[in-house]
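Per the numbering used here, the sequence shown starts with residue 46, numbered consecutively.
Contents: one structure, followed by commentary.
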Amino acid sequence: MADIPTLDEFREECLAFLDANAELKEEQKQFVWGEGSDDVALFEEVDREKERAALAKAKEWRAKRYDAGLGWISGPAEYGGRELPRSYEQLYQSLEARYRVPEQGFFGIGLGMVAPTILAHAIPEVRAEYLPKLYRGDIVGCQLFSEPGAGSDLASLQTKAVRDGDEWVITGQKVWTSGAHYSDIGEIICRTDPDLPKHKGLTGFVVDMKAPGVEIRPLRQMTGGANFNEVFFTEVRVPDSHRLGDVNQGWTVALTTLMNERASIGAGGAGGMGMASLTRLAELVRHFEVADDPLVRQQLMDVYIHFQVAKYTNQRAMAKIKAGQMPGPEMSIAKLSLTNNLWRTANFVANVLGPRIQANTGEWGTYAWSQLLLGVPGMKVAGGTDEVMKNIIGERVLGLPKDPGIDAKTPFKDLLVGTQTAG
Numbered sequence: 046m047a048d049i050p051t052l053d054e055f056r057e058e059c060l061a062f063l064d065a066n067a068e069l070k071e072e073q074k075q076f077v078w079g080e081g082s083d084d085v086a087l088f089e090e091v092d093r094e095k096e097r098a099a100l101a102k103a104k105e106w107r108a109k110r111y112d113a114g115l116g117w118i119s120g121p122a123e124y125g126g127r128e129l130p131r132s133y134e135q136l137y138q139s140l141e142a143r144y145r146v147p148e149q150g151f152f153g154i155g156l157g158m159v160a161p162t163i164l165a166h167a168i169p170e171v172r173a174e175y176l177p178k179l180y181r182g183d184i185v186g187c188q189l190f191s192e193p194g195a196g197s198d199l200a201s202l203q204t205k206a207v208r209d210g211d212e213w214v215i216t217g218q219k220v221w222t223s224g225a226h227y228s229d230i231g232e233i234i235c236r237t238d239p240d241l242p243k244h245k246g247l248t249g250f251v252v253d254m255k256a257p258g259v260e261i262r263p264l265r266q267m268t269g270g271a272n273f274n275e276v277f278f279t280e281v282r283v284p285d286s287h288r289l290g291d292v293n294q295g296w297t298v299a300l301t302t303l304m305n306e307r308a309s310i311g312a313g314g315a316g317g318m319g320m321a322s323l324t325r326l327a328e329l330v331r332h333f334e335v336a337d338d339p340l341v342r343q344q345l346m347d348v349y350i351h352f353q354v355a356k357y358t359n360q361r362a363m364a365k366i367k368a369g370q371m372p373g374p375e376m377s378i379a380k381l382s383l384t385n386n387l388w389r390t391a392n393f394v395a396n397v398l399g400p401r402i403q404a405n406t407g408e409w410g411t412y413a414w415s416q417l418l419l420g421v422p423g424m425k426v427a428g429g430t431d432e433v434m435k436n437i438i439g440e441r442v443l444g445l446p447k448d449p450g451i452d453a454k455t456p457f458k459d460l461l462v463g464t465q466t467a468g
């Protein structure tokens, strides 16, 4: 404990590193309608060549951070961490936000969801193999959960893993996989025993995304871009050492990942309005001369108030995580609040703009909002649908009876499982 620097000492260490390796951001200019970019898309559309270049820069920065002792500040020392309190991690993030550094979104899933699951459920050798590489940015991780016939009802997944000696052979399809095309490893949940009920015959694995039999295809969205992928597995071999947790205990593994996922998504957006700031929305209604309309004013404040309530609710949940506790079902509240608030914002803007949001006239601050409007449905699905979030809140927060539709006794092979063929 004597080796732990004070927060002030750690601040000086961080600033010395950042000053030596990055430039301070320019002071943010006050928002002026019609100036700068009017992009408000939820999902940035980037061509693959530019994406590869950005990923290379992101990895370079991540490696610098890690080699300076700032890559995994709160992590265990045996896996490359610094073992400092989470408050030190938060301090570094707040300081780095002041500097111009390469985009770090490439690592969001790997570090926010996959790495915590590996730490919690993998054997020590696998932790030692992958955790330092993930936090240094040497490799990128993705999450392989949803399937065409098992999205919201994850326990109905049909991708199977069959044991063959010291290996498992995986065959099936996953869908909506962010970053699969540039990922090196993936966390996958497979069905390993169809004779058990659907929640009890699952097992998690770490799979090599470059292994023979892995095929990745871009998935086109209604925004026009392809931020997600569908991934096909044809007899892909995974060593048993790369199993996460015990055989047929994959539902526990999945819950670890999902709670971290909802914490990551909720923390990233429930606390603030971001691209749809109150200032931007206020300038929107002024520009189109509806600022004096009492209904518009009421709707605008309704959007603002809901974001503020989400912010305060989210702070309580994040305080629990900072205290070293696992994220719980309350993170479902943060995720549900985020998507509801984004949907509320998109509808408000659509009401103000009318036909301007449907046809591109070239006018600044009009058609650009269509990307937000078309992107919100994707957010309502990502990390668990709104309906799933409501069930979790009802059952685990409010203590209401479980959904009667859940079959906890019938073997999965005897259930009528709907299937869907991807086009």
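Backbone N, C-alpha and C define an ideal beta-carbon position, used for all residues, glycine too.
Each of Ser191, Ser228, Tyr227 was checked against the Cα of Trp221, and the nearest Cα belongs to Ser191.
In this structure, DSSP gives Val85 a state outside helix and strand, which the three-state scheme calls coil. By a beta-carbon distance limit of 8 Å, Leu140 contacts Leu60. Their separation comes to about 6 Å. Counting C-beta pairs closer than 8 Å gives fewer than three between the stretch 376-385 and the stretch 288-302, which falls short of the contact rule.
Annotation for Asn436: the continuous alpha helix (DSSP H) segment containing it runs 431-437. Here Gln138 carries a helix assignment [DSSP, helix/strand/coil]. Its Cα nearest to that of Asp448, the residue Gly439 stands out among Gly439, Ala379, Gly270, Val354.
Bounds of any beta strand (DSSP E) do not take in Val426; it lies within the alpha helix (DSSP H) bounded by 415-426. If the five residues before and after Leu323 are omitted, its C-beta is found closer than 6 Å to the C-beta atoms of Tyr349, all from its own chain and listed in chain order.
The Cβ-Cβ distance between Phe250 and Ala206 falls below 8 Å. The stretch 197-217 makes contact with the stretch 242-249; the number of CB pairs closer than 8 Å reaches 3 or more.
With distances taken between CA atoms, Met304 lies nearest to Lys365 out of Asp285, Lys365, Arg342. For the 8 Å CB-CB criterion, Ala160 and Cys187 do not form a contact. Excluding the 5 residues flanking it on each side, Ala65 has no same chain C-beta neighbour closer than 8 Å.
The alpha-carbon of Arg361 is positioned some 30 Å away from that of Phe76.
Ile49 carries a coil assignment under DSSP once its states are collapsed to helix, strand and coil.
From the listed residues Leu69, Trp106, His166, the smallest Cα separation to Gly295 is found for His166.
In the three-state reduction of the DSSP assignment, Ala336 falls in the coil class. When rounded, the separation of the alpha-carbon atoms in Ile49 and Leu63 is 20 Å. By the Cβ rule, the stretch 278-285 does not count as touching the stretch 323-335, because fewer than three pairs are nearer than 8 Å.
Under the three-pair Cβ rule at 8 Å, the stretch 389-404 does not count as touching the stretch 247-267.
Glu68 is not a Cβ neighbour of Ala99, given a cutoff of 8 Å. When secondary structure is reduced to three states using DSSP, Arg342 falls in the helix class. For the pair Asp53 and Tyr137, the Cα-to-Cα distance works out to about 12 Å.
If the five residues before and after Asn274 are omitted, its C-beta is found closer than 7 Å to the C-beta atoms of Thr222, Ala225, His226, Ile261, Arg262, Pro263, Leu264, all from its own chain and listed in chain order.
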